[in-house]
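2 protein chains.
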Amino acid sequence: MSVLFQHVTALTMDPAQPLLKDAYVAVEGTAIASVGTTRPQGEFDRVVDGKGQVLMPGLINCHTHVPMTLMRGYGGGHDLQHWLSDYIFPAEAKLDQRAVAAGAALGLAEMIATGTTCIVDMYMKTGTIAQQVMDAGISANLSCGGLYFGDPKDFSPDQCTDCRNQEELMQQWHGAGEGQILVDASIHGEYTSSAPLWQWTADFAQKNKLGMHVHISETKLEHEQSLQRHGKTPLAILDQYGVWERGGTAAHCVWVSDEDMDLMARKHVTAVHNPVSNLKLGSGVARVPKMLQAGVNVALGTDGVSSNNSADLFEEIKLAAMLHKGVSRDPMAVTAHQALEMATVNAARALGRNTGVVAPGKVADLILVDFNRPNLIPCHDVEENLVFAARGGDVSMNMARGKIIYEKGEFFTLDVEKIRSEVEDYALPLIFG
Amino acid sequence: MSVLFQHVTALTMDPAQPLLKDAYVAVEGTAIASVGTTRPQGEFDRVVDGKGQVLMPGLINCHTHVPMTLMRGYGGGHDLQHWLSDYIFPAEAKLDQRAVAAGAALGLAEMIATGTTCIVDMYMKTGTIAQQVMDAGISANLSCGGLYFGDPKDFSPDQCTDCRNQEELMQQWHGAGEGQILVDASIHGEYTSSAPLWQWTADFAQKNKLGMHVHISETKLEHEQSLQRHGKTPLAILDQYGVWERGGTAAHCVWVSDEDMDLMARKHVTAVHNPVSNLKLGSGVARVPKMLQAGVNVALGTDGVSSNNSADLFEEIKLAAMLHKGVSRDPMAVTAHQALEMATVNAARALGRNTGVVAPGKVADLILVDFNRPNLIPCHDVEENLVFAARGGDVSMNMARGKIIYEKGEFFTLDVEKIRSEVEDYALPLIFG
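Chains as they are written, first to last, in the numbering used here: chain A, 505 to 937; chain B, 505 to 937.
In structure tokens form, the structure reads like this:
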């Protein structure tokens, strides 16, 4: 299948030609074939006329728990501990494969409609999520979030369910769909595990050349308790066990120290900023300007919908670009361009994926944003409009891996009515009924 | 004209019956006739079937400068002083009536599509704005934002253009459309005027029974310079001249003192919280939880689109509900319900308008929000979904003063293509060409 986008405004995120007006972008199979201002030679299976549309890289959500879409708004307004122990954990205990599939599909529908083409997801029953992602057509780095609450002395990889789950997930799914699915090694967090699991996970990643995904210093309590327990921050104590030898994605990083930032820059650990979730749960405000200064690669995530309560990455982009201006009282902190980088090129770099840029040879993960909407008129600056005025609802087309999977409200890989019925008639009664 | 909404979920903001499922809301002329769970007697000109829709009060934007929609994203990324002096002021100097009309209409279109039914606007060429609001069909409190940079000794009301403008605006527009348009007395800010104008404006409001609209303590510099100049905060020094004798709406209040909060509670001065603009311009974070504790009435505003860059009040509602949780690290700070109150009942109270609640006898300012959208499924809690998961684009209908002015993307009082052409072919070349 070949597709030609013509007459688009292309925001490429490619420094060589950042913004092209009246541009042509050709897609051949799963890759971008050409990007320029003259019509490429040849015939195309489909020509998309993009007058008034901005074409840009699809957005990458670097931290989420997609089946938690089932818990949107559930137990909202309670404090964190009460919310987790009285609402979220009891609900999660009732989840089965079918409910996870329904929740994942619902979350994917929202993500696709708001311009996301790749996610990093950590949850349970991960194989089920992998199948939903494959069917939906976007890309994903998936992980199980290893937990170990036992006595460290008793740890045995053979007896550790989460180790078995990680191995099984890797064998079944790593590299599936020509790299559409990648499996990350993962530790849920420093506070929900101990040294033997860290060592095992570091070795597992090293041996199988996997990425690494961990919750890091989300709350002040988590960060301080690690200092008490180990005399080291969560990031630093995991480093001692080799967890970051292949880099990784560290979700939240609200409370990381200056030394942590240096370590992240040195070891290529990406800080995944989740500003909505961090505000909503009362976790705090990550020191993103300082991280950027320290040379840390920063990406964005929505976290689970249960603590957001949306999966629209445009919200995170806007909040990332304005929150730090306000909190540090510096209107130059985190520019519009930097916020867009976090959702595209920085995220692709974090995952080692050949996407996040509109350039020949890159995977054709592309979205169109409809700049004919009243809320995007006038357009003095494409990036300012994308960051501060656009919302997910302005996305008019989503192409993932060269395939148009969403266009003007219509889903081509998902049956939203069927998903809704699975959610409302099966999953919700099972969990909350 | 009579309209019956049936089978809606009604979030009324009326403590007597806050949430009604499968409800009927009848509208007769410009007012709500009945609200309940049984079908009211009689025939209706139109019956709107609202299955899966949430009906709620239209949103009230208590601080904006609607023609500044023309400057969306213009000069973004510069510091405040550079932005104002090199971008905004030169652009504003070129505005004429026709450009103001075009910018106002464009802004109103965005507001109407995202669920706003009433605004508080301060700008120049205000009569032109009044006409656009009348035509669009929503309600507005309009003001000129009085400035006086001359020597206080030389002040003469007869020679003060801004005083003349306020009088003229009042004579021509106050009460127009049976109260659709109200004119507020106004002072742009403490730092852009002096005592004789404050005295004149206080007397003008008192004599003509007008509301009062002023920018208060938006930046730290403004607040501290007032303390230096007068030994008093902006709010307190204006109080000394009787500016708040009839209450009023004080925009921003980022830096108000504890004593200011007590004064606001006592004098019925509403704090208009503009969280997006305050973050984006690097002004800071207003102490909203403290204001609520002190008994201050808090409402919401978008400020001008030039510093937002959106007019979607759902963004302010979500940010108001999560920003203070994050900054104060208290997940219970500013509840979803409180954020909804700010955009509805609190705002109506601030303006003395008989709206903001779905109850018999109230003005029929009503919106429908489409809870069939994937981003609003499931619905464990209507308020949590409205605040944290809904966006302006989920508004499927806007009824202002009993008249349906917008439905599913279609505007009935505005010609968006004509507005766009006025903006792009006339206003933008005039100002920026």
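Beta carbons: idealized from backbone N, C-alpha and C, even for Gly.
Cα-Cα separation, residue i to residue j
i        : j        : result
B:SER721 : B:HIS777 : 11 Å
B:ALA640 : A:ARG853 : 48 Å
A:THR573 : A:GLN545 : 44 Å
A:ALA530 : A:ILE908 : 13 Å
A:LYS771 : A:ALA617 : 35 Å
A:LYS629 : A:GLN601 : 7 Å
B:HIS727 : B:VAL758 : 9 Å
A:ASN565 : B:GLY735 : 50 Å
A:GLY808 : B:PRO933 : 45 Å
A:ASP590 : A:LEU584 : 10 Å
B:SER925 : B:MET846 : 35 Å
B:ARG877 : A:THR723 : 32 Å
A:GLY937 : B:ILE881 : 16 Å
B:GLY649 : A:GLY581 : 39 Å
Cβ pair residue i, residue j closer than 8 Å
i        : j        : result
A:LEU524 : A:LEU817 : no
A:VAL789 : A:GLU819 : no
B:ALA803 : B:MET765 : no
B:PHE875 : B:GLY556 : yes
A:SER810 : A:ARG550 : no
A:TYR745 : A:TRP677 : no
B:ASN879 : A:GLU614 : yes
B:PHE708 : B:GLN663 : no
B:ALA931 : B:ALA606 : yes
B:THR513 : B:VAL886 : yes
A:MET560 : A:ILE871 : yes
B:LEU686 : B:ASN645 : yes
A:ASN812 : B:PHE892 : yes
A:VAL718 : A:VAL760 : no
A:PRO793 : A:HIS828 : yes
A:ALA609 : A:LEU918 : yes
A:ASN801 : A:ASN858 : no
Closest by C-alpha distance to residue i, when choosing among the options
i        : options                                   : result
A:GLU911 : A:TYR528, A:MET901, A:THR620 and A:THR848 : A:MET901
A:VAL558 : A:VAL873, A:VAL891 and A:GLY897           : A:VAL873
B:LEU785 : B:GLY579, B:LYS736, B:HIS678 and B:GLN663 : B:GLY579
A:GLN729 : A:GLY751, A:GLY897 and A:TYR695           : A:TYR695
B:THR753 : B:VAL773, B:TYR745 and B:HIS734           : B:VAL773
A:ALA825 : B:ARG857, B:VAL861, B:ALA863 and B:ASN782 : B:ASN782
B:LYS711 : B:PRO864, B:GLU749 and B:TRP587           : B:GLU749
B:VAL867 : B:VAL624, B:ARG905 and B:PHE708           : B:ARG905
A:GLY631 : A:GLY619, A:LEU673, A:VAL862 and A:PHE659 : A:LEU673
B:ARG791 : A:VAL792, A:MET795, A:MET768 and A:VAL831 : A:VAL831
B:PRO700 : B:ASP666, B:HIS727, B:GLY679 and B:PRO522 : B:ASP666
B:ILE623 : B:ILE642, B:SER697 and B:ALA609           : B:ILE642
B:ARG895 : A:LEU767, A:ALA815, A:ILE633 and A:ALA706 : A:ALA815
A:ILE935 : B:GLY679, B:PHE548, B:HIS884 and B:HIS582 : B:HIS884
Coil, strand or helix - residue i by DSSP
i        : result
B:ASP898 : helix
B:PRO594 : helix
A:ASP526 : strand
B:GLN510 : strand
B:TYR627 : coil
B:SER698 : coil
A:GLN601 : helix
B:TYR910 : strand
B:ARG496 : The first residue shown for chain B is 505 and the last is 937, placing residue 496 of chain B beyond what the model contains.
B:VAL637 : helix
A:LEU903 : Sequence inspection shows Met at residue 903 of chain A; the Leu mentioned does not correspond to that position. DSSP places A:MET903 in strand when its eight states are reduced to three.
A:ILE536 : strand
A:ILE685 : strand
B:HIS884 : coil
Rounded distance between the beta-carbons of residue j and residue i, thought under 8 Å
i        : j        : result
B:THR516 : B:ASP526 : That belief does not hold up - the Cβ atoms of B:THR516 and B:ASP526 are roughly 14 Å apart, past 8 Å.
B:THR848 : B:GLY856 : Contact flag wrong, Cβ pair sits at about 15 Å.
A:VAL604 : A:PRO571 : 5 Å
B:LEU714 : B:ALA689 : 5 Å
B:VAL637 : B:PRO864 : Between B:PRO864 and B:VAL637 the Cβ distance is about 26 Å, and since that is not below 8 Å, they are no contact.
A:LEU890 : A:GLN842 : Going by Cβ atoms, the distance from A:LEU890 to A:GLN842 rounds to 13 Å, so no, they are not a contact pair.
B:PRO738 : B:GLY693 : 7 Å
B:HIS567 : B:GLY805 : 3 Å
A:ASP518 : A:VAL899 : At roughly 21 Å, the Cβ-Cβ gap does not stay under 8 Å, so A:ASP518 and A:VAL899 are not in contact.
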